[in-house]
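Peer 1: Residue 51 is where the sequence shown starts when you use the numbering used here, and the numbers rise one by one after that.
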Amino acid sequence: MSQRNYPDLHEHIKELRAANLLIEINDPINKDTEMHPLVRWQFRGGIAEADRKAFLFTNIIDSLGRKYDLPVVVGALATNPEIYRIGLGCELDEVGETWGRAISNPVKPCLIKDAPCHEIISTGNDLVGVGCGLDALPIPISTPGFDCAPYLTATNCITKDPITGIQNMGTYRAGLKASDRLAVRMVVRPGGAEGYVHWKKWKERKKPMPCAIVVGCPPAVNFMSPQKLQMGIDEIDIAGGLVGGPINITKCKTIDLNVPAESELVVEGLISTEYVEPEAPFGESAGYVALESYNMTMQVTAITRRRNAVIPSIISQVTPSESSVIKRLAYEPLFLNHLKNNLGINGVIKVSLHEPLTNLRKIVFVQMEREAPSTEIWRALYGCAALQSGVGKFIIAINDDIDPENGDAVFWAMGYRCNPAIDCHILDNRSHGQGPRVPRSVSEDSALLIDATMKGPLPPLALPKKEYMENALGLWERLGLPSLKPESPWHGYTLGDWSDNWDQAAKRAADGHYLKNGEITKQRITTNSLPETPIRSDESD
Ligand SMILES: Cc1cc2nc3c(=O)[nH]c(=O)nc-3n(C[C@H](O)[C@H](O)[C@H](O)COP(=O)(O)O)c2cc1C
51 MSQRNYPDLH
61 EHIKELRAAN
71 LLIEINDPIN
81 KDTEMHPLVR
91 WQFRGGIAEA
101 DRKAFLFTNI
111 IDSLGRKYDL
121 PVVVGALATN
131 PEIYRIGLGC
141 ELDEVGETWG
151 RAISNPVKPC
161 LIKDAPCHEI
171 ISTGNDLVGV
181 GCGLDALPIP
191 ISTPGFDCAP
201 YLTATNCITK
211 DPITGIQNMG
221 TYRAGLKASD
231 RLAVRMVVRP
241 GGAEGYVHWK
251 KWKERKKPMP
261 CAIVVGCPPA
271 VNFMSPQKLQ
281 MGIDEIDIAG
291 GLVGGPINIT
301 KCKTIDLNVP
311 AESELVVEGL
321 ISTEYVEPEA
331 PFGESAGYVA
341 LESYNMTMQV
351 TAITRRRNAV
361 IPSIISQVTP
371 SESSVIKRLA
381 YEPLFLNHLK
391 NNLGINGVIK
401 VSLHEPLTNL
411 RKIVFVQMER
421 EAPSTEIWRA
431 LYGCAALQSG
441 VGKFIIAIND
451 DIDPENGDAV
461 FWAMGYRCNP
471 AIDCHILDNR
481 SHGQGPRVPR
491 SVSEDSALLI
501 DATMKGPLPP
511 LALPKKEYME
521 NALGLWERLG
531 LPSLKPESPW
541 HGYTLGDWSD
551 NWDQAAKRAA
561 DGHYLKNGEI
571 TKQRITTNSL
581 PETPIRSDES
591 D
């Protein structure tokens with residue numbers, strides 16, 4: 051086997067175990083009713099993001115009482131950023147830079163013959179009948195009570211442009227229909243799935259579209275599939291850029307496509323370009339259940355796998371979820387890179403896609419340096435709106451002291467730093483993007499851009515200065531009071547409108563000399579003003 055400088059899924063799971071980021075469940079777990087609801091509690095049970103873990107299930111049963119040989123791992127790719135960065139092989143603060151470097155420095159893959167993903171090959175009659183083919187795999191039901199079937203969530207669906215011959219890889223859900231048939235859903239709206247663009251080209255040629263669904267592969271390769279790249283770029287080259295060397299690939303057994311050699315399991319097949327089949331209901335990452343619609347139908351021609359394959363399953367639907375973490379860590383650097391490097395905007399610090407419940411696409415924050423001129427702020431707002439058609443229904447510019455993950459702080463900025471009549475622009479002709487349509491929906495949606503940055507100096511934030519709060523924290527702890535989780539902002543700081551005179555007066559007061567301040571202001575008692583007449587502190591200088 052050819053050498054590689056990236057971990058496969060087995061090695062990644064070992065690393066998670068060593069880092070105490072893996073929970074191993076050896077009790078029997080029903081994949082149809084228990085598995086995803088159990089892991090869901092990590093996201094709905096008040097567990098902090100950093101404390102979330104991957105779950106490895108080794109004793110899987112189903113609602114018919116059947117047992118499965120292969121283990122399932124849920125959350126092993128991106129339950130939290132730490133798990134993701136281990137898979138990527140870099141430090142957390144290097145994730146954005148690693149993506150930027152990979153996109154500018156793609157590495158062509160290396161084609162090998164003897165691939166681990168071909169240790170077991172099932173074709174023809176092996177795939178047909180209850181308990182065979184797909185029906186032999188422990189594929190969980192994600193949203194029991196609403197989903198109509200188990201579906202493959204952690205997919206890397208590989209298709210090829212029949213004109214250029216360039217492959218694409220995307221994460222698209224693939225629902226089980228029979229032991230040898232799947233329904234695949236590729237988003238058709240503009241800016242949707244590149245696989246759908248391929249499908250239309252195969253349809254024009256009146257040929258079915260070959261598709262290889264890779265389930266489980268080296269994490270760096272898997273991170274490519276939800277990433278939104280320009281059309282016509284082969285994700286496997288960028289995966290090479292991510293790991294700084296070629297990814298091993300191998301030819302499929304029954305179709306003309308290449309797949310990552312260290313894949314756990316590959317479903318090869320042909321997607322009809324003539325027929326479509328009812329697909330869903332399935333819970334979706336917009337947070338609603340996607341209702342039944344016609345989608346692609348795929349006839350399986352082979353299932354190939356490693357002997358000891360482990361099946362990954364991504365937990366998606368209502369956010370936060372593994373699906374939103376995997377996308378957030380890939381998309382935020384894309385947006386920042388676009389604003390900084392493509393548009394050359396000065397003063398942009400960070401782009402933040404709001405995650406809980408809204409799923410990244412609807413609410414976007416652009417954090418700007420305090421000195422950034424309003425022309426740059428508006429370029430950043432419009433630049434964010436332009437990059438992806440479905441992203442940015444509400445785009446809000448904030449300063450560096452506002453934590454975009456703190457909704458209260460964002461409302462505070464909107465409340466005190468934004469005049470809606472001047473600081474809001476409405477954009478028409480926007481794509482609806484993801485999520486259900488309500489009866490009021492017209493064919494297009496709109497977006498609201500908000501400049502909630504400071505428009506000039508403001509007085510200090512009215513909390514005790516940092517030194518006093520830190521001192522009091524020590525006191526709090528010495529007194530054995532209940533433990534604290536400091537919330538930003540937890541100390542006062544200046545915002546431009548403050549002077550040395552006021553600073554000295556505050557210092558005198560804190561040092562016990564407020565009477566001195568009284569003596570100073572006594573010199574300025576006047577008959578010339580009415581109550582509430584402001585005094586600039588330097589007027590007495
Ligand atoms: C768990 C998960 C499930 C997804 N399901 C779908 C899906 O069913 N259909 C789809 O078009 N995109 C889906 N996506 C989003 C795509 O993977 C994403 O838009 C990606 O950029 C598509 O790649 P492409 O641009 O090469 O088509 C999903 C993403 C994740 C993380």
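Built from N, CA and C at the ideal position, the CB exists for glycine as well. Note that this is a predicted model, so its numbers are computed, not measured.
Which ranges does the alpha helix (DSSP H) cover as unbroken runs of at least 4 residues, wholly within the stretch 487–543, from first to last along the chain?
Peer 2: Qualifying alpha helix (DSSP H) stretches, in chain order: 516–528.
Peer 1: Compute the Euclidean distance between the alpha carbons of I446 and A340, then round it to the nearest angstrom.
Peer 2: Rounded to whole angstroms, the separation of the alpha carbons of A340 and I446 is 28 angstroms.
Peer 1: Which class does Q15 belong to by DSSP, given the choice of helix, strand or coil?
Peer 2: This structure cannot speak to residue 15, because the chain is shown only from 51 to 591.
Peer 1: Quick test of your reading: L384 and K278, contact by CB under 8 angstroms. State the CB separation rounded to the nearest angstrom.
Peer 2: 7 angstroms
Peer 1: Tell me, please, which residues DSSP counts as bridged to N298.
Peer 2: C160
Peer 1: Determine the closest residue to F105 out of Q484, D77, L161, with distance taken between C-alpha atoms.
Peer 2: D77
Peer 1: For V234, which beta-bridge partners are listed by DSSP?
Peer 2: A224, M346
Peer 1: Is it buried or exposed for G457, if we count other Cβ within 10 angstroms and need 16 for buried?
Peer 2: exposed
Peer 1: What whole-angstrom Cβ distance do W526 and L534 have, given they're in contact under 8 angstroms?
Peer 2: 7 angstroms
Peer 1: Using DSSP bridges, identify the partner residues of N80.
Peer 2: I111
Peer 1: Which residues share a DSSP beta bridge with T209?
Peer 2: Partner(s): N218.
Peer 1: Output needed for G179: all residues of its chain with C-beta closer than 7 angstroms, excluding positions within five of it in sequence on either side, in chain order.
Peer 2: Contacts found: S229.
Peer 1: For the beta strand (DSSP E) that contains F444, what are its first and last residues?
Peer 2: 444–449 is the span of the beta strand (DSSP E), which, as asked, contains F444.
Peer 1: Within the present structure, is the beta-carbon of Q277 separated from the nearest heavy atom of ligand 1 by less than 7 angstroms?
Peer 2: yes
Peer 1: Any idea what DSSP makes of E426, helix, strand or coil?
Peer 2: The DSSP-derived three-state label of E426 is helix.
Peer 1: T304: beta carbon under 7 angstroms from a heavy atom of ligand 3?
Peer 2: Ligands present in the displayed structure are limited to ligand 1, and ligand 3 is not among them.
Peer 1: Using the three-state DSSP reduction, which class does C474 fall into: helix, strand or coil?
Peer 2: DSSP, reduced to helix, strand and coil, places C474 within a strand of the structure shown.
Peer 1: Just the C-alpha distance for H248 and R255, rounded to the nearest angstrom, thanks.
Peer 2: The alpha-carbon atoms of H248 and R255 are separated by roughly 11 angstroms.
Peer 1: Whole angstroms is fine: what's the gap from Y1's alpha carbon to T347's?
Peer 2: In the structure as shown, the chain begins at 51 and stops at 591. Residue 1 is therefore absent and cannot be evaluated.
Peer 1: Closest by CA to K301, which one among I191, Q217, D547?
Peer 2: Nearest C-alpha to K301: Q217.
Peer 1: Which same chain residues end up closer than 6 angstroms to C198 when comparing Cβ atoms and leaving out the 5 residues on each side of it in sequence?
Peer 2: P331
Peer 1: When DSSP labels each residue in this structure, what does V123 get in the three-state scheme?
Peer 2: strand
Peer 1: Between K377 and ligand 1, is there a pair consisting of the residue's CB and a ligand heavy atom that are separated by less than 7 angstroms?
Peer 2: yes
Peer 1: When we look at the beta-carbon of I133 and count the other beta-carbons within 10 Å, is it buried (16 or more) or exposed?
Peer 2: Buried, by the Cβ-count rule.
Peer 1: Would you decide whether S590 is buried or exposed? Buried here means 16 or more other CB atoms lie within 10 Å of its CB.
Peer 2: The pLDDT assigned to S590 is 49, lower than 50, so where the model puts this residue is not dependable; a value taken from the coordinates is nonetheless given after this. The residue is exposed, with fewer than 16 neighbouring Cβ atoms inside 10 Å.
Peer 1: What's the gap between the Cα of N567 and the Cα of E520?
Peer 2: Straight-line Cα distance between these residues: approximately 26 angstroms.
Peer 1: Any Cβ of chain D within less than 8 angstroms of the Cβ of A233?
Peer 2: Protein chains in the displayed structure number just one, and chain D is not present.
Peer 1: Out of N206, R239, I213, state which residue places its alpha-carbon closest to the alpha-carbon of A224.
Peer 2: A check of alpha carbon separations from A224 across N206, R239, I213 identifies N206 as the nearest.
Peer 1: Within a Cβ cutoff of 7 angstroms, which residues of the same chain sit near R420, ignoring the five residues on either side of it in sequence?
Peer 2: Non-local beta-carbon contacts of R420 in its own chain, meaning distances under 7 angstroms to residues more than five positions away in sequence, involve N449, D450, M504 in chain order.
Peer 1: Starting from the Cα of E329, find the closest Cα among I472, L226, I283 and give me that residue.
Peer 2: L226
Peer 1: Below 7 angstroms CB to CB, which residues in the same chain sit around H541 once its five sequence neighbours on both sides are set aside?
Peer 2: L513, P514, K515, K516, M519
Peer 1: Shortest alpha-carbon distance to I136 belongs to which of Q438, V293, V350, S538?
Peer 2: When each option's Cα is compared against that of I136, the closest is V293.
Peer 1: Can you list the alpha helix (DSSP H) stretches of 4 or more residues lying completely in the stretch 538–578, in chain order?
Peer 2: 550–560, 564–572
Peer 1: Could you tell me whether the stretch 279–298 touches the stretch 143–159, using the rule of 3 or more Cβ pairs below 8 angstroms?
Peer 2: yes
Peer 1: By Cβ distance, which residues of its chain are closer than 6 angstroms to P509, with the 5 residues on each side in sequence left out?
Peer 2: Contacts found: D547.
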